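Numbering (the UniProt record's numbering), first residue to last: 1 to 583. Step one of this worksheet: look at the structure below.
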């Protein structure tokens with residue numbers, strides 16, 4: 001009986017013990033849910049992430065914490081060791097970053113199953129849980145970075161190539177290179193970053209070199225070479241413009257290269273950078289010269305003449321067209337001429353704004369003299385000249401020295417203050433007429449000089465002479481438009497008309513004279529009122545002798561030769577002033 005009682009009592013003890021434990025477990029479970037540091041969806045107490053305490057953070061704050069840590073880790077230094085040396089870069093450049101979702105999942109995984117919750121609750125008071133960062137690698141960024149980073153020991157594979165001449169086309173074998181496998185390196189980067197101490201700012205990663213085979217095999221290159229040799233054995237006749245001529249086989253084969261957009265599909269093609277300039281040179285005679293744009297005036301209306309661009313071989317797509325013809329084994333291939341650039345094409349002429357008369361001036365003369373022939377010659381030589389904006393026109397530079405070979409005749413001109421016959425005499429009447437047209441067109445002047453003797457056929461104080469090489473007449477075009485010089489004449493008149501775009505109103509607004517010795521200094525005032533509101537006043541000048549053969553001191557202007565003194569030769573006389581082919 002006593003034994004039965006003992007058994008019963010033992011069993012009740014077990015039941016009571018189990019019940020007590022179960023009650024304790026229940027109390028602990030309840031306490032874990034009531035503890036604000038352990039209950040709810042917030043991060044449990046004593047949890048760190050990358051060395052940072054994240055205990056008690058709610059989901060939103062945890063998100064922000066991970067984002068901030070991830071941003072800081074972008075500057076993590078990465079040392080890549082290829083076995084042949086090292087290269088230093090950073091996480092951002094290699095596409096290495098914190099895996100946001102995986103890291104948060106790591107934090108959440110620490111919660112464990114419900115049954116173990118009471119024990120984890122107790123452990124949260126006495127221990128700390130360190131959650132590691134999880135990383136990811138963007139392989140596209142990594143591959144791009146590897147192609148731009150100089151890694152020790154890395155060499156590019158040499159692809160097979162083609163070489164050809166008159167004897168045939170041959171494949172040149174490729175050679176393997178050494179490089180880093182991007183997929184393997186991505187795994188190594190991720191593992192090293194996951195395992196790295198977050199307190200460190202540098203992670204060292206092993207990046208072993210592997211052999212990199214050429215994309216194209218030697219067998220594929222040999223097959224392409226055989227086909228290229230057959231296709232170029234009888235080159236097609238190139239037709240471009242008026243030229244028809246077969247291609248030179250040696251030149252053609254020197255342009256051959258392998259093409260492999262897909263390693264499984266290897267073909268030959270023509271290298272655009274070699275073929276295009278070579279075609280232009282081989283068929284340079286197929287182009288046309290073109291014509292420079294010029295101007296003419298009909299009944300007061302300015303017209304542009306010519307301006308057709310030259311043409312040259314060959315148009316866009318010519319190399320591709322030739323490539324297609326070779327693959328199709330065609331006997332001929334038509335290529336197109338394209339316009340070439342020209343400094344003085346129609347577009348240039350239209351852009352000058354030469355559209356209307358802006359000034360004209362006429363002077364008269366007696367008919368049928370040598371000087372009239374000279375005036376007509378220089379007028380013809382100057383008709384159609386364009387002065388571009390910002391440039392200076394020199395009459396001497398344009399016409400050149402007046403010679404008998406050019407048709408110029410002897411006529412009156414001023415030399416040493418005396419009118420004498422000289423070759424090209426009379427052209428200063430054209431010079432004065434042009435000077436006045438430029439004056440009223442609002443143009444500026446560089447070098448110019450008035451006659452030293454006044455002739456009544458010219459405006460007093462507002463005229464210019466010309467001789468070789470000086471004095472010159474230089475006209476500066478300070479307007480934003482081109483200026484066209486258009487002389488016309490009759491037997492008794494010479495007129496110079498200037499065409500451009502009207503942008504200024506000009507008038508002579510004054511004139512002063514003052515003695516200079518026995519000569520007279522004349523200043524003629526000009527007022528220019530520009531259409532933009534500006535007003536500018538300037539002057540032109542002249543210095544006139546009192547009479548022919550007399551200088552401003554009242555002495556003779558004609559040089560005299562004095563006998564040499566017996567003691568010493570006199571200094572050489574000063575050079576006489578240049579003649580004035582004017583009168």
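Just so it is clear, CB atoms sit at the ideal spot from N, CA and C, and this is done for glycine as well. As the structure is a prediction and not an experimental result, all values here were calculated from the model.
Taking its Cβ as the centre, do 16 or more other Cβ atoms sit within 10 Å of residue i, making it buried, or is it exposed?
i	result
residue 96	buried
residue 519	buried
residue 44	buried
residue 462	buried
residue 206	exposed
residue 47	buried
residue 185	buried
residue 398	exposed
residue 303	exposed
residue 349	buried
residue 224	buried
residue 155	exposed
residue 284	exposed
residue 500	buried
residue 200	exposed
residue 34	Because the pLDDT at residue 34 is just 48, under 50, the model does not fix this residue reliably, and the value given afterwards should be weighed accordingly. Label assigned to residue 34: exposed.
residue 470	exposed
Please go through the same chain and pick out, in chain order, the residues whose beta-carbon is closer than 6 Å to the beta-carbon of residue i, but skip the five residues on each side of it.
i	result
residue 319	270, 272, 275, 276
residue 485	382, 385
residue 100	66
residue 229	168, 169
residue 53	none
Return the chain-ordered list of same chain residues with a C-beta closer than 7 Å to the C-beta of residue i, the five sequence neighbours on each side being excluded.
i	result
residue 339	309, 311
residue 334	239
residue 103	66, 133, 134
residue 424	374, 402, 408, 581
residue 502	356, 358
residue 367	491, 492
residue 181	210
Taking 8 Å as the threshold (C-beta atoms), are residue j and residue i in contact?
i	j	result
residue 458	residue 363	yes
residue 354	residue 481	yes
residue 209	residue 88	no
residue 529	residue 535	yes
residue 376	residue 454	no
residue 494	residue 433	yes
residue 242	residue 289	no
residue 165	residue 250	yes
residue 517	residue 554	yes
residue 91	residue 69	no
residue 506	residue 442	yes
residue 431	residue 464	yes
Between which two residues does the beta strand (DSSP E) holding residue i run?
i	result
residue 136	135-137
residue 527	519-530
residue 410	410-415
residue 298	294-298
residue 385	Segment: none, residue 385 is in no beta strand (DSSP E) and carries neither H nor E.
residue 557	That residue, residue 557, is in no beta strand (DSSP E); it is neither H nor E in DSSP.
residue 504	504-516
residue 171	168-172
residue 161	161-165
residue 199	Run containing residue 199: none; DSSP gives neither H nor E here.
What is the residue span of the alpha helix (DSSP H) that residue i lies within?
i	result
residue 190	182-195
residue 399	395-399
residue 178	Looking at the DSSP string, residue 178 is not in any alpha helix (DSSP H); the run it does join, the beta strand (DSSP E), is 177-179.
For residue i, collect the residues of the same chain with a Cβ closer than 8 Å to its Cβ; drop the 5 residues on either side in sequence, then sort them by chain order.
i	result
residue 172	160, 161, 162, 163, 221
residue 218	160, 171, 173, 174
Is there a Cβ from chain B that is less than 8 Å from the Cβ of residue i?
i	result
residue 517	Of the protein chains in this structure there is only one, and it is not chain B.
- [ ] Mind listing, in chain order, the continuous alpha helix (DSSP H) runs of no fewer than 4 residues lying wholly within the stretch 55-113?
- [x] Whole alpha helix (DSSP H) segments, 4+ residues: 59-73, 91-94, 100-109.
- [ ] Taking only runs that begin and end inside the stretch 441-465, name each unbroken beta strand (DSSP E) of 3 or more residues, in chain order.
- [x] Listed in chain order, nothing qualifies, since the stretch 441-465 has no complete beta strand (DSSP E) run of 3 or more residues.
Open item on the list: Threshold first: 3 residues or longer. Then list the beta strand (DSSP E) segments lying entirely within the stretch 303-365, N to C.
Closed with: Taking only runs of at least 3 residues, the beta strand (DSSP E) segments lying wholly in the stretch 303-365 are 311-313, 332-335, 337-339, 356-364.
Open item on the list: Restricting to runs no shorter than 4 residues, where is the alpha helix (DSSP H) found entirely within the stretch 212-255?
Closed with: List check, alpha helix (DSSP H) in window: 218-231, 249-253.
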